[in-house]
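So in this note's numbering the end of the first sequence lands on 1171, straight run, no missing numbers. Input: a single structure, listed below in structure tokens.
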Amino acid sequence: MGNELTSRASDYAQWYNDLILKGGLADYSAVRGCMVIKPYGYALWENMKAELDRKFKETGHVNAYFPLFVPKSFLEKEEGHAEGFAKECAVVTHYRLKADPNQKGKLIVDPEAKLEEELIVRPTSEAIIWNAYKDWIQSYRDLPLLINQWANVVRWEMRTRLFLRTSEFLWQEGHTAHATSEEAVVEAEKMLDVYADFVENYMALPVIKGVKTPNERFAGALETYCIEALMQDGKALQAGTSHFLGQNFAKAFEVKYLTKENKQEYVWATSWGVSTRLIGALVMAHSDDEGLVLPPRIAPLQVVIVPIYKGPEQKMLVDEKVKSLLADLKSAGISVKYDDSDNSRPGWKFAEYELKGVPVRVAIGPKDIENGVVEIARRDTKEKKSIPNEGLATYIKNLLEEIQSNLYQRALAFRNEHITRVDTWDEFKTVLTEKGGFVSAHWDGSPDTEEKIKEATKATIRCISLDAPMEEGKCVFSGNPSSKRVLFALAY
RNA sequence: CGGGGCGUAGCGUAGCCCGGUUAUCGCGCCUGGUUUGGGACCAGGAGGUCGCAAGUUCGAAUCUUGCCGCCCCGACCA
């Protein structure tokens, strides 16, 4: 693996793929553009899910589940939405196979079994969900409707990349309906905060909250809020989005409610989602040449204990010492594994758990037992220390918190170093290609300028930061007046 | 869909240009033994439709044609 911030993007891509394959998170699958998420990777996702789900419940949402298939006519109803997704849909046209009359042992699609209306494998669930909401909402008393779904979706992408862009991916999608526009906007902003809080405090990944330009908006949205993170190669990654959908879907699916004043009104909508792409973000943001580096709060395994011994007598001594440590750690709520398998030697285990990104490793051998200590190695700094037996569980608990915070601080420092203010077009191009990261520059607000900048440099406006101050300036490309800086970057 | 690269054992590969015994090496796997503080060592062993198909040839992993698949870059995108 090579992790230099190289201009040859393929090296970085190779590094990234290796991390995922060798770290045991996922594997390529037999199906084009899809991946197999292995138990270790899925455990990570489950930890992330659990925390997100807790936050959704805390903010008043409930989970439900809607069909995988969306009738084509549903998808058509919201025009912008339909246009946005049409070119990446998997379509079900038949419901039966039959034996091939010409080739024994082969199957063909039965032409007799053609569906009257094609079914689309959901690329997102707005259409099927709003069709249901039509029947669920009659009165202002039914509002707000705050529902989340954990599901898989399919988007037939031209080119795929493990976790970052697979044909099928796992995610959650929230779909809410509100009586007023203001309330819906508050919801969209609230969920953006939930995402930012999760990504920063659990994934240890700093994000910039902002809104997308009209060009980059979700198909069918009036406003798209997003959180943008920075990867170690200087490219930006959209880590989550929350959309204010206005009344577009309400109108498309005729979802109206009666107000207190007995008037018919269309409801106001939001939708928001994060996906397994977050795992890709995690991998690219924290890992190093030794492998994955996982933040303690979501790591499937927080502590691994490796015994060192010669012969069964020493093994028994180590076992004895480990027994109480294991009990202490478990009762402190720490996930821990004692790897006393005799198949591999300590050095092999050290390397293996580093590859998997386990935050803390404890090694115990005869020397340690004699001295009343254990050896503790932390994954983030690779620092090793001998720590006395007394209060070990507390020490480790604190160390996990320290690693969590160190990872965040490290990523934050990197991110902040890579936000560069530029005021000229030459500077803009130089910073983008030579330094990377976010380029903070004035933009005249025109989609046309945005497009031209993209054509010239491949950079897109990642977001208009929510805390960008008003500042008079001139567009870095057109020279037209601008009131605010926006963030440009090359992106995944 | 365009450009580049690749396909040989579970994994990673040599051989291909210039066709010729039994297809190379490493890791992993199995057996036995010695080992165990940073990916152990010795001895023995198992494992192959050389991506698929056709062609050229006395003879093809190697040459020709077609097809399939994967990775990287671009367009598209969370």
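C-beta atoms are modelled at their ideal positions from N, C-alpha and C, and glycine is treated no differently. On a predicted model such as this, the values are computed, not experimentally measured, just so you know.
{"Query": "Alpha carbon to alpha carbon, how far is V985 from Q926? Give it in angstroms, no decimals.", "Result": "58 Å"}
{"Query": "Could you tell me the alpha carbon to alpha carbon distance between A1042 and K751, rounded to whole angstroms?", "Result": "58 Å"}
{"Query": "Identify which residue in N1095, D1127, L776, E1113 has its Cα closest to the Cα of L1166.", "Result": "N1095"}
{"Query": "Using DSSP with H/G/I as helix, E/B as strand and the rest coil, what is Y1087?", "Result": "helix"}
{"Query": "For the candidate residues R1057, E757, N831, N880, whose alpha-carbon lies nearest to that of R956?", "Result": "N831"}
{"Query": "Mapping the DSSP letters down to three states, classify E683 as helix, strand or coil.", "Result": "For E683, the predicted structure reports a pLDDT of 37, less than 50, and the residue's modelled location is therefore unreliable. A value from the coordinates is still provided. Three-state DSSP puts E683 in coil, outside helix and strand."}
{"Query": "On the DSSP letters alone, give me the boundaries of the alpha helix (DSSP H) that F928 sits inside.", "Result": "927-931"}
{"Query": "Whole angstroms are fine: how far does the CA of D1019 sit from the CA of W947?", "Result": "57 Å"}
{"Query": "Would you say the stretch 881-893 touches the stretch 907-917, given that touching needs at least three Cβ pairs under 8 Å?", "Result": "yes"}
{"Query": "Does DSSP classify K891 as helix, strand or coil?", "Result": "coil"}
{"Query": "Using three-state DSSP, classify I699 as helix, strand or coil.", "Result": "helix"}
{"Query": "How should Y783 be labelled, buried or exposed, when 16 other C-beta atoms within 10 angstroms of its C-beta is the threshold for buried?", "Result": "Correcting the residue identity first, residue 783 is Lys in this sequence and not Tyr. With fewer than 16 Cβ atoms within 10 Å of its Cβ, K783 is classed as exposed."}
{"Query": "Excluding the 5 residues preceding and the 5 following G1158 in the sequence, name in chain order all residues of the same chain whose CB lies nearer than 6 Å to its CB.", "Result": "none"}
{"Query": "Starting from the Cα of V949, find the closest Cα among E1130, Y904, L1034 and give me that residue.", "Result": "Note that residue 949 is Thr in the sequence shown, not Val. Closest option to T949, Cα to Cα, is Y904."}
{"Query": "Taking DSSP as the reference, what is the three-state secondary structure of A1006?", "Result": "helix"}
{"Query": "How big is the Cα-Cα spacing for V1037 and D1021?", "Result": "20 Å"}
{"Query": "How long is the line joining the alpha carbons of G1012 and L980, rounded to whole angstroms?", "Result": "12 Å"}
{"Query": "Mind checking which residues open and close the beta strand (DSSP E) that includes F842?", "Result": "Neither: F842 is in no beta strand (DSSP E) and is coded neither H nor E."}
{"Query": "Would you give the residue range spanned by the alpha helix (DSSP H) that W1027 belongs to?", "Result": "1025-1034"}
{"Query": "Could you spell out where the alpha helix (DSSP H) holding L961 opens and where it closes?", "Result": "956-965"}
{"Query": "Return yes when at least one heavy atom of the ligand SAH lies under 7 Å from the C-beta of G784, else no.", "Result": "Although the ligand SAH was asked about, the structure shown includes no ligands whatsoever."}
{"Query": "Could you give the distance in angstroms between the alpha-carbon of E1054 and the alpha-carbon of R1040?", "Result": "8 Å"}
{"Query": "Do the CB positions of E791 and T772 come within less than 8 Å of each other?", "Result": "no"}
{"Query": "Go through its chain and collect everything with a Cβ distance to A978's Cβ below 8 Å, but skip five positions before and after it.", "Result": "L723, N726, S1014, G1036, V1037, P1038"}
{"Query": "Does the beta-carbon distance from I799 to L754 come in below 8 Å?", "Result": "yes"}
{"Query": "I need the boundaries of the alpha helix (DSSP H) containing F735, first residue and last residue.", "Result": "718-737"}
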